[in-house]
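Residue numbers (this note's numbering): 2 to 133.
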(Lines of atoms letter the chains of each structure in order from A and count residues from 1; the text may use other names and numbers.)
(Lines give C-alpha, C1' and ligand atoms only; values in the text may rest on other atoms or scores of the structure.)
Protein backbone atom coordinates (compact mmCIF):
# COMPACT_ATOMS: atom_id res chain seq x y z
CA UNK A 1 0.00 0.00 0.00
CA UNK A 2 2.90 2.35 0.67
CA UNK A 3 3.71 2.40 -3.06
CA UNK A 4 0.26 3.76 -3.88
CA UNK A 5 0.50 6.43 -1.18
CA UNK A 6 3.89 7.38 -2.68
CA UNK A 7 2.08 8.03 -5.97
CA UNK A 8 -0.14 10.55 -4.17
CA UNK A 9 -3.21 8.50 -3.34
CA UNK A 10 -4.72 9.21 0.09
CA UNK A 11 -7.72 8.32 2.23
CA UNK A 12 -10.95 9.92 1.05
CA UNK A 13 -9.88 10.73 -2.51
CA UNK A 14 -12.13 10.12 -5.49
CA UNK A 15 -10.22 8.38 -8.28
CA UNK A 16 -11.59 8.08 -11.80
CA UNK A 17 -10.33 5.11 -13.81
CA UNK A 18 -9.82 5.61 -17.54
CA UNK A 19 -9.20 3.03 -20.30
CA UNK A 20 -9.67 -0.08 -18.15
CA UNK A 21 -9.46 -3.31 -20.13
CA UNK A 22 -9.08 -7.04 -19.46
CA UNK A 23 -5.29 -6.76 -19.28
CA UNK A 24 -5.31 -4.24 -16.39
CA UNK A 25 -3.94 -5.42 -13.07
CA UNK A 26 -6.68 -5.88 -10.47
CA UNK A 27 -4.10 -5.82 -7.66
CA UNK A 28 -3.20 -2.25 -8.67
CA UNK A 29 -6.85 -1.28 -8.68
CA UNK A 30 -7.50 -2.92 -5.30
CA UNK A 31 -4.36 -1.34 -3.83
CA UNK A 32 -5.55 2.14 -4.78
CA UNK A 33 -9.03 1.43 -3.43
CA UNK A 34 -7.56 0.23 -0.13
CA UNK A 35 -5.59 3.48 0.25
CA UNK A 36 -8.48 5.78 -0.71
CA UNK A 37 -11.16 3.76 1.06
CA UNK A 38 -13.48 4.07 -1.94
CA UNK A 39 -14.13 2.19 -5.18
CA UNK A 40 -12.69 3.58 -8.40
CA UNK A 41 -15.14 5.61 -10.47
CA UNK A 42 -15.57 4.69 -14.13
CA UNK A 43 -15.09 6.82 -17.25
CA UNK A 44 -18.69 8.06 -17.11
CA UNK A 45 -18.18 9.71 -13.71
CA UNK A 46 -19.13 13.37 -14.12
CA UNK A 47 -18.26 15.02 -10.80
CA UNK A 48 -14.82 16.24 -9.79
CA UNK A 49 -12.13 13.66 -9.11
CA UNK A 50 -9.00 14.10 -7.02
CA UNK A 51 -7.03 11.82 -9.33
CA UNK A 52 -7.33 9.83 -12.51
CA UNK A 53 -5.88 6.36 -13.00
CA UNK A 54 -5.15 6.10 -16.72
CA UNK A 55 -4.27 2.76 -18.35
CA UNK A 56 -2.40 3.23 -21.64
CA UNK A 57 -0.71 0.89 -24.10
CA UNK A 58 1.33 1.90 -27.16
CA UNK A 59 -1.47 0.80 -29.51
CA UNK A 60 -4.12 2.90 -27.70
CA UNK A 61 -3.72 5.95 -29.92
CA UNK A 62 -2.43 9.40 -29.05
CA UNK A 63 -1.08 9.69 -25.52
CA UNK A 64 -1.36 13.49 -25.48
CA UNK A 65 -5.08 13.31 -26.30
CA UNK A 66 -5.57 10.65 -23.63
CA UNK A 67 -3.84 12.79 -20.99
CA UNK A 68 -5.74 15.96 -21.93
CA UNK A 69 -9.05 14.08 -21.82
CA UNK A 70 -8.14 12.61 -18.42
CA UNK A 71 -7.66 16.12 -16.99
CA UNK A 72 -11.29 17.05 -17.70
CA UNK A 73 -12.84 15.96 -14.38
CA UNK A 74 -9.94 16.75 -12.06
CA UNK A 75 -10.45 19.18 -9.19
CA UNK A 76 -7.87 21.79 -8.24
CA UNK A 77 -4.50 20.17 -7.55
CA UNK A 78 -5.73 16.89 -9.02
CA UNK A 79 -3.19 14.54 -10.57
CA UNK A 80 -2.94 11.68 -13.03
CA UNK A 81 -1.35 8.29 -12.54
CA UNK A 82 -0.50 6.84 -15.92
CA UNK A 83 -0.12 3.05 -15.93
CA UNK A 84 1.76 1.61 -18.88
CA UNK A 85 3.09 -1.89 -19.50
CA UNK A 86 6.61 -2.34 -18.13
CA UNK A 87 9.52 -2.38 -20.56
CA UNK A 88 9.52 -5.58 -22.59
CA UNK A 89 5.80 -6.19 -22.09
CA UNK A 90 3.40 -6.00 -25.06
CA UNK A 91 2.24 -2.40 -25.49
CA UNK A 92 5.07 -0.85 -23.49
CA UNK A 93 5.64 2.90 -23.87
CA UNK A 94 9.06 4.55 -23.92
CA UNK A 95 9.66 6.82 -20.90
CA UNK A 96 10.74 9.60 -23.27
CA UNK A 97 7.36 9.33 -25.05
CA UNK A 98 5.60 9.70 -21.70
CA UNK A 99 7.71 12.75 -20.82
CA UNK A 100 7.07 14.36 -24.22
CA UNK A 101 3.30 13.72 -24.06
CA UNK A 102 3.11 15.00 -20.50
CA UNK A 103 4.93 18.21 -21.42
CA UNK A 104 2.63 18.78 -24.40
CA UNK A 105 -0.40 18.21 -22.12
CA UNK A 106 0.97 20.76 -19.62
CA UNK A 107 2.14 18.19 -17.09
CA UNK A 108 5.38 16.80 -15.75
CA UNK A 109 6.44 13.56 -14.11
CA UNK A 110 6.51 13.57 -10.32
CA UNK A 111 7.59 9.98 -9.75
CA UNK A 112 7.58 6.51 -11.24
CA UNK A 113 6.88 3.19 -9.55
CA UNK A 114 6.71 -0.43 -10.69
CA UNK A 115 3.27 -1.25 -9.31
CA UNK A 116 3.08 -4.85 -10.53
CA UNK A 117 5.03 -7.44 -12.49
CA UNK A 118 3.64 -6.05 -15.74
CA UNK A 119 2.70 -2.37 -15.11
CA UNK A 120 4.60 0.81 -14.33
CA UNK A 121 2.89 3.90 -12.90
CA UNK A 122 3.96 7.49 -13.56
CA UNK A 123 2.52 10.31 -11.45
CA UNK A 124 1.82 13.35 -13.64
CA UNK A 125 1.04 16.79 -12.21
CA UNK A 126 0.74 20.35 -13.43
CA UNK A 127 3.80 22.48 -12.70
CA UNK A 128 3.40 24.27 -9.34
CA UNK A 129 3.04 27.67 -10.98
CA UNK A 130 0.16 26.37 -13.14
CA UNK A 131 -1.88 24.47 -10.56
CA UNK A 132 -5.41 25.67 -10.07
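For every residue, glycine included, the Cβ atom is placed at its ideal position computed from N, Cα and C.
By the criterion of a C-beta distance shorter than 6 Å, residue 6 is surrounded in its chain by 36, once the five residues flanking it on both sides are discounted. Beta-bridge annotation (DSSP): residue 42 is paired with 17. Residue 74 is classed as buried because its beta carbon has at least 16 other beta carbons within 10 Å across all chains shown. The segment 39–55 makes no contact with the segment 105–115; the number of CB pairs closer than 8 Å stays below 3. Looking at the DSSP output, residue 110 bridges to 125. Looking at the DSSP output, residue 55 shares a beta bridge with 19, 83. DSSP places residue 104 in the helix class (H, G or I) of the three-state scheme. Per DSSP, reduced to three states, the secondary structure at residue 64 is helical. In the three-state reduction of the DSSP assignment, residue 76 falls in the strand class, which pools E and B.
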